[in-house]
Amino acid sequence: MKFEDLRIGMFEEVGKTITEADVVNYAGLSLDINPIHLNNEYAKNSIFKERIVHGMLTSGLISAVLGTKLPGEGSIYLSQTLKFISPVKIGDTITAKAEIIDINPEKKIITIKTTCINQNKSIVIDGEAKVLKK
């Protein structure tokens with residue numbers, strides 16, 4: 001999509017069910033082997049009572065939306081704020097949504113509201129991204 005085609009209010013989404021393999025693979029790639037993500041016995045004694053998905057694995061779905069759909073190919077991620085609202089569990093289906101809320105035509109920077117929502121329609125991550133689109 002070209003910069004000139006972008007409009008405030010445009011949005012796109014990407015969805016994925018998070019699997020055990022996703023969590024294990026992410027732990028290996030990121031080196032985040034916190035037992036809250038990988039160890040059932042440890043997680044049973046946590047505030048969550050079960051393993052949870054890495055927050056950054058979940059937020060990675062936002063990057064998928066920005067890089068492939070809106071604003072899409074050629075976008076440069078400048079910044080991202082994230083507020084982790086609820087834990088994501090293995091087997092949850094997460095939909096990442098990106099909605100344009102501001103466009104700076106001089107700098108070609110787009111401000112995008114970013115959210116991740118689970119299958120129960122609860123927001124699990126809320127944030128805002130700035131993206132350069134030439």
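Here UniProt numbering is used: the first residue of the sequence shown is 1, the next is one more, and so on. Here a beta-carbon is modelled for each residue, glycine too, at the ideal position from N, C-alpha and C. Bear in mind the structure is a predicted one, so any value in this text is a computation, not a measurement.
Would you kindly report the start and end of the unbroken beta strand (DSSP E) that includes residue i?
| i | result |
| --- | --- |
| N104 | T93 to N104 |
| E13 | F11 to T17 |
| G127 | I123 to L132 |
| S79 | I76 to F84 |
Alpha carbon to alpha carbon, how far is residue j from residue i? Give it in angstroms, no decimals.
| i | j | result |
| --- | --- | --- |
| K134 | E50 | 44 angstroms |
| G28 | V53 | 13 angstroms |
| K2 | I36 | 42 angstroms |
| L61 | P87 | 15 angstroms |
| E73 | I101 | 19 angstroms |
| L31 | V124 | 23 angstroms |
| K83 | Y42 | 25 angstroms |
Check this for me: beta carbons of residue i and residue j, under 9 angstroms apart or not?
| i | j | result |
| --- | --- | --- |
| A96 | G15 | yes |
| T81 | Q119 | no |
Would you mind working out which of the options sits nearest residue i, comparing C-alpha positions?
| i | options | result |
| --- | --- | --- |
| L78 | T111, P87 and I100 | T111 |
| residue 207 | L70, A27, K44 and N34 | Nothing about residue 207 can be read from this structure; the chain reaches only from 1 to 134. |
| D22 | S63, L31, A64 and I90 | I90 |
| N34 | M10, D5, G55 and F84 | G55 |
| K107 | I76, S46 and N25 | I76 |
Would you mind reading off the limits of the alpha helix (DSSP H) that contains residue i?
| i | result |
| --- | --- |
| L31 | Taken as a continuous stretch (DSSP letters only), L31 belongs to no alpha helix (DSSP H), as it is neither H nor E. |
| I62 | G55 to T68 |
| K44 | N40 to K44 |
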